[in-house]
Structure formats: C-alpha cells, structure tokens
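Input: a single structure, listed below in structure tokens.
Numbering (the numbering used here), first residue to last: -9 to 142.
Below, the structure written as structure tokens:
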C-alpha cells in the first residue's frame, strides 16, 4: 500500500467513527429532551406576582397540548378608548401542537364565532418537568399573563 492510500483509508475510518458518535449523542439528547406527557399544574403571574384565584392546567398527550385557565383576567375597552376597565374573568382554553419543547400559536374556539382568539407561547423544560410561557386573550376584552406550571 502507498502512503496516500493509507491516509485515505484512515480518513474514512475517522469519518465513520465521527458520524457514529454524533448519531449516538443526538439520540441521547433527544431522549433527554422529551417532554413528559401528563398534567402540569400552576398559576398565572403578572410580572413576578402570582395572580390570586388563577390556577392553570397544561395537559400534554403525545404532541397535543391543552392549556386551561378557568378565570383568565381581562381588561375591557374603557370610555377613554384604552383597554383599562376590569372585565369579568374569561375561561381560557388553548389547544395546539408541541414542536420539540415549544408551543406557539393562536387558537380559535370552533364554537366561538365572535372573533375571539387565544394565543399561547411557551417552553417545556424536561429536566425540571416544568412549563413557562405567555398566554393572551383577544376579543371584546383583552388580557395577557405569564404562566408557570410543574408536572403534577
């Protein structure tokens, strides 16, 4: 064998070893980064302050995610033209798909028909089995709150 043939063979062996190592590392990270299915329970927050009487439930089933808040705080249109007048709390329901460890998007209740929609954007942290994100409601009234939940 000539020197250039030895070098070429060695490069192929190193390349195959590197591909195998990267593949194994990817599988390990994928397995560790999986979002645990089940129910996550938490609360809504305005900044760092917990909003009283606002429990939140996040349910993960496969790639489907449902976020429910029985009493989501909203502000309605005031005579000044700004959304500053407190309104009756709304039932918040968001349904969407998990993409990796993230959820994001709008949800329009199929039975709604009033132009109201729910928005959610958040991230699951598999290591701590927790979820954190931002929820908002837009309709005749509006509201936005942070949500923090842990696996029950």
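C-beta: ideal position from N, C-alpha, C; glycine also. These numbers were taken from a predicted model, which means no experiment stands behind them.
If you follow the beta strand (DSSP E) that residue i is in, where does it begin and where does it stop?
i: residue 112; result: 107 to 115
i: residue 89; result: Per DSSP, residue 89 belongs to no beta strand (DSSP E) and is neither H nor E.
i: residue 125; result: 120 to 128
i: residue 101; result: No beta strand (DSSP E) contains residue 101, which DSSP labels as neither H nor E.
For residue i versus residue j, is the C-beta spacing smaller than 8 angstroms?
i: residue 120; j: residue 140; result: yes
i: residue 111; j: residue 128; result: no
i: residue 122; j: residue 113; result: yes
i: residue 85; j: residue 77; result: no
i: residue 138; j: residue 32; result: yes
Taking the alpha-carbon positions, what's the residue i to residue j distance?
i: residue 74; j: residue 62; result: 15 angstroms
i: residue 52; j: residue 88; result: 8 angstroms
i: residue 39; j: residue 136; result: 10 angstroms
i: residue 107; j: residue 70; result: 24 angstroms
i: residue 36; j: residue 59; result: 15 angstroms
i: residue 27; j: residue 49; result: 7 angstroms
i: residue 47; j: residue 68; result: 30 angstroms
i: residue 142; j: residue 29; result: 6 angstroms
Using three-state DSSP, classify residue i as helix, strand or coil.
i: residue 79; result: coil
i: residue 50; result: strand
i: residue 28; result: strand
i: residue 68; result: coil
i: residue 63; result: coil
i: residue 135; result: strand
Could you please give me the residues that DSSP links to residue i through a beta bridge?
i: residue 39; result: 36
i: residue 74; result: DSSP, once it has assigned bridges, lists no residue as partnering residue 74.
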